[in-house]
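*Asks:* Below you will find the structure I want to go over with you.
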Amino acid sequence: MKKFLQIVAAAVIALPLVATAHGPTRQEVDEKIVINASPEKVWTMLKDFSAIDKWHPAVESVEMKSDKVRVLTLKSEGNPTITEELDKINDEKMSLIYKITDMSVVKTITFNSKDTPYYTLPVSTYKSWMFVKEVDGGTEVRWRGKFYRSFMGNPPVPEGQSDAEAVEAVTAVYKSGLENLKNIMEK
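Numbering of the sequence shown is given in the numbering used here, commencing with residue 46 and proceeding in unit increments.
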């Protein structure tokens, strides 16, 4: 019994140390906006997987590699790219699901004696859902994403690659896109 209590005590002491020394945890961003336009009109714009450059202000151009794979070239310095794949589109439910499959490396730093890449967005294993539904007075567009930060190692984390910075970057992408979509749809 004494040995058992020693093991339990050791586990209780070690637990806080284990809890703080972990890699990334899955993050989520969920943004919504109400647009004064019909759901059909909004859905027609959103479901065209080749036309995000028509409504998202950060996208310079779209190159379709196939019916379900697009490469976005962004307007930021160096014109970084993001490759996305359409998983599912549902006209009846006015929803689509896509994921990021590749991104440009915008720079590389040495961190903890290792080369550490910085990607177009500080995320990995990114999956996103977009939903359009009718609400009183218009249409609600919901853009939801789940992902991990791009730096997959344990802390310390390089500047610009923390969980919070990944959430901040995706939130900015969603908010700017949704606000611009609203402006275009309400003209």
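Ideal placement from N, C-alpha and C gives every residue a C-beta, glycine not left out.
Bear in mind the structure is a predicted one, so any value in this text is a computation, not a measurement.
List, from N- to C-terminal side, the alpha helix (DSSP H) runs of 4 residues or more that fit wholly inside the region 172 to 214.
*Replies:* Note on the region 172 to 214: there is no whole alpha helix (DSSP H) run with a minimum of 4 residues.
*Asks:* Have a look at Asn228 and Ile78 and give me their C-alpha separation to the nearest angstrom.
*Replies:* The sequence position of residue 228 within the sequence shown is 183, counting from 1. The sequence position of residue 78 within the sequence shown is 33, counting from 1. Cα-Cα distance, rounded: 11 Å.
*Asks:* Hey, could you find the ends of the alpha helix (DSSP H) Met139 is sitting in?
*Replies:* To locate residue 139, count along the sequence shown from 1; it is residue 94. No alpha helix (DSSP H) holds Met139; DSSP gives it neither H nor E.
*Asks:* Which residue or residues does DSSP assign as beta-bridge partners of Arg71?
*Replies:* Taking the first residue of the sequence shown as position 1, residue 71 is located at position 26. In the DSSP output, where bridge partners are listed per residue, Arg71 has none listed.
*Asks:* Near Thr128, what residues of its chain come up, given a Cβ to Cβ distance below 6 Å and the 5 sequence neighbours on each side ignored?
*Replies:* To locate residue 128, count along the sequence shown from 1; it is residue 83. Closer than 6 Å at the Cβ level, and outside the excluded window around Thr128, lie Val116, Thr146, Asp147.
*Asks:* Just list the residues that DSSP pairs Glu122 with in beta bridges.
*Replies:* Here residue 122 is taken as the residue at index 77 of the sequence shown, counted from 1. In the DSSP output, where bridge partners are listed per residue, Glu122 has none listed.
*Asks:* In this structure, how does DSSP classify Lys152 when only helix, strand and coil are distinguished?
*Replies:* To locate residue 152, count along the sequence shown from 1; it is residue 107. Note: Lys152 maps to strand in three-state DSSP.
*Asks:* Could you spell out where the alpha helix (DSSP H) holding Lys159 opens and where it closes?
*Replies:* For the purposes of this step, residue 159 is taken as residue 114 along the sequence shown, with counting starting at 1. Note, Lys159: premise wrong, no alpha helix (DSSP H); beta strand (DSSP E) at 159 to 164.
*Asks:* Considering Cα atoms alone, identify which of Glu130, Ser111, His67, Glu204 is closest to Leu141.
*Replies:* For this step, residue 141 is matched to residue 96 along the sequence shown. It is Glu130.
*Asks:* Using a Cβ-Cβ cutoff of less than 6 Å, which residues in the same chain neighbour Lys88 once the five nearest sequence positions on both sides are dropped?
*Replies:* For this step, residue 88 is matched to residue 43 along the sequence shown. Note on residue identity: the sequence assigns Trp, not Lys, to residue 88. Once the five neighbours on either side are set aside, the close Cβ partners of Trp88 are Met139, Val177.
*Asks:* Grouping DSSP H, G and I as helix and E and B as strand, with all else coil, what is Lys92?
*Replies:* Taking the first residue of the sequence shown as 1, we reach residue 92 at position 47. Helix.
*Asks:* Suppose the cutoff is 7 Å on Cβ atoms and the five residues either side in sequence are ignored; what does the same chain contact list for Tyr171 look like?
*Replies:* One-based indexing of the sequence shown puts residue 171 at position 126. Result list for Tyr171: Lys144, Ile145, Gly190, Phe192, in chain order.
*Asks:* How many whole angstroms separate the CB atoms of Val151 and Gly123, which I take to be in contact at a CB cut-off of 8 Å?
*Replies:* Taking the first residue of the sequence shown as 1, we reach residue 151 at position 106. Taking the first residue of the sequence shown as 1, we reach residue 123 at position 78. Right, their Cβ atoms sit about 6 Å apart.
*Asks:* Should Asp75 and Arg187 be called a contact, given that it needs their Cβ atoms to be closer than 8 Å?
*Replies:* For the purposes of this step, residue 75 is taken as the residue at position 30 of the sequence shown. For the purposes of this step, residue 187 is taken as the residue at position 142 of the sequence shown. In this structure, Arg187 lies closer than 8 Å to Asp75 by Cβ.
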